[in-house]
Amino acid sequence: MDIELLKTFLEVKNTRHFGKAADNLYITQAAVSARVKQMEEYFGVQLFIRKRNNIQLTAEGERLITHAETMLLAWSRARQDVALKVEQKDQLGIGATAGLWNYAYQDKLAAIYRAFPQLSLRSEVHGADDLLRMVMERALDVAIVFDAPSVPELTVASAGKLKLVLATTIPDVNAKNALKENYIYVDWGTAFNMFHAKRFSEAAPAILYTTMASIAEAFMAESPASAFLPLTMVEAGIESGAVPAMRMVDAAPSFGREVCIIYRSNNERLDLIEQLLPILQS
């Protein structure tokens, strides 16, 4: 199938508008309509319900999304592999959730490049379920996630624990009241959500919801607020003075999450992955 057809399908899915999809793809609206029609004829199903200013996916269209994204990723990787310079002998795809990249792993790419300058790196940021799927479908070599999935084909290596503590920039606030005013909810995944619901069922609605600890930290630097943040981030912020008023809330419960590195046991780059593990685990 023509890759451009898949790109067009996903663009219409994202914009829910043929005209906006055409603008983003730099083609005419008629071309978008023709490509979608071609795909529908190819699969023998209707992919979109066409209503004025309200383009909706059919059930068949919903099922196509994952396959289309996987094929585009595989095609992109194939193009990069073929185009690698002579001195760049291999490519490695590493993915993590947004919170983990931001918290601990974005600096690892530079460390990997220094250790393996011949390597071409590709980084991805997705949700945990998507990362697991991409590793299983060989669209990604390594994924860094919370909690180890139980899948026979996967190897799981521990990257240690992430300790989350309640931090605040609100003067004189205590553990009892920190979640009742100017609270920022940082989403650290399912296990944390369950812990939070059990321990803080009476928390006030959050003034900000985010999956990025850096967003919470930046907000707290400008306005009094509280949030669960990685202990190392809080300690670094206090030590550097980047967030002058930041402190840990006394007597507040903390939460620990296991961080895992997952990869296929039969990955063709297994030797390389095993050489990289000490960098990712440091």
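Residue numbering for the sequence shown follows the working numbering, starting at 1349 and increasing by one per position.
C-beta: ideal position from N, C-alpha, C; glycine also.
Bridge-paired residues (DSSP) for residue i
i       : result
Gly1604 : Lys1511
Phe1357 : Looking at the DSSP assignment, Phe1357 forms no beta bridge with any residue, so it has no partner.
Arg1411 : The partner list for Arg1411 (beta bridge, DSSP) is empty, contrary to what the question assumes.
Leu1467 : Asp1438
Gln1404 : Ile1397
Tyr1611 : Val1490, Thr1503
Pro1578 : Leu1512
Arg1639 : Here the chain covers residues 1349 to 1630 and nothing more, so residue 1639 does not appear.
Gly1443 : Glu1472, Ala1491
Closest by C-alpha distance to residue i, when choosing among the options
i       : options                            : result
Ala1369 : Asn1401, Val1393, Glu1389, Tyr1390 : Asn1401
Glu1565 : Thr1414, Ala1515, Lys1524, Glu1587 : Ala1515
Ala1554 : Ala1407, Ala1539, Phe1576          : Phe1576
Glu1485 : Asp1520, Leu1527, Trp1423          : Trp1423
Leu1618 : Leu1420, Asp1438, Gly1475          : Asp1438
Gly1447 : Gly1441, Ala1476, Leu1469, Ser1468 : Ala1476
Lys1524 : Glu1352, Tyr1390, Pro1578, Ala1551 : Ala1551
His1544 : Leu1395, Glu1622, Met1594, Ala1600 : Ala1600
Val1504 : Met1594, Lys1546, Asn1614, Arg1595 : Asn1614
Lys1361 : Ser1574, Val1384, Thr1376          : Val1384
Arg1364 : Ile1403, Ile1375, Ala1378, Lys1399 : Ile1403
Val1582 : Asn1522, Arg1595, Glu1570          : Arg1595
Asp1350 : Met1387, Ala1378, Asn1372          : Met1387
Tyr1557 : Phe1548, Ile1442, Phe1567          : Phe1567
Arg1470 : Lys1528, Gly1443, Ile1621, Glu1410 : Gly1443
Phe1391 : Lys1399, Gly1409, Arg1398          : Gly1409
Asn1522 : Ser1574, Arg1547, Ser1549          : Ser1574
Ala1569 : Arg1547, Pro1519, Glu1352          : Pro1519
Arg1398 : Asp1455, Thr1376, Gly1367, Ile1375 : Gly1367
Ile1627 : Gln1454, Ser1549, Asn1372          : Gln1454
Thr1414 : Phe1396, Ala1378, Arg1481, Leu1457 : Arg1481
Leu1625 : Leu1457, Thr1376, Thr1580, Asn1541 : Leu1457
Leu1620 : Pro1465, Phe1548, Met1542          : Pro1465
Beta-carbon gap between residue i and residue j smaller than 7 Å
i       : j       : result
Ala1356 : Val1393 : Here residue 1356 turns out to be Thr, not Ala, going by the sequence shown. No, they are not a contact pair.
Val1493 : Leu1479 : yes
Leu1358 : Ala1416 : yes
Leu1420 : Leu1354 : yes
Leu1440 : Leu1412 : no
Trp1449 : Val1483 : no
Ala1539 : Val1597 : no
Pro1572 : Asn1530 : yes
Ala1487 : Thr1445 : no
Thr1517 : Ala1593 : yes
Gln1623 : Ala1507 : no
CB contact below 7 Å: residue i versus chain C
i       : result
Ala1545 : Of the protein chains in this structure there is only one, and it is not chain C.
Do three or more CB pairs link the segment 1556-1565 to the segment 1493-1501 at distances below 8 Å?
-> Judged by Cβ distances under 8 Å, the segment 1556-1565 makes no contact with the segment 1493-1501, as fewer than three pairs qualify.
Runs of alpha helix (DSSP H) wholly within the segment 1471-1559 (minimum 4 residues, chain order) | Counting only runs of 4 or more residues that sit fully inside the segment 1471-1559, the alpha helix (DSSP H) segments are 1476-1484, 1538-1547, in chain order.
Would you check if the segment 1608-1626 and the segment 1530-1542 touch, i.e. whether three or more CB-CB distances between them fall below 8 Å?
-> Because the criterion of three Cβ pairs below 8 Å is not met, the segment 1530-1542 and the segment 1608-1626 do not touch.
At a cut of 8 Å, does the segment 1585-1601 reach the segment 1452-1463 through at least three beta carbon pairs?
-> Contact fails: fewer than three Cβ-Cβ distances are below 8 Å.
Counting Cβ pairs, one atom from each stretch, are 3 or more of them under 8 Å apart for the segment 1595-1609 and the segment 1510-1528?
-> The way I'd put it, the segment 1595-1609 does touch the segment 1510-1528; three or more beta-carbon pairs between them come closer than 8 Å.
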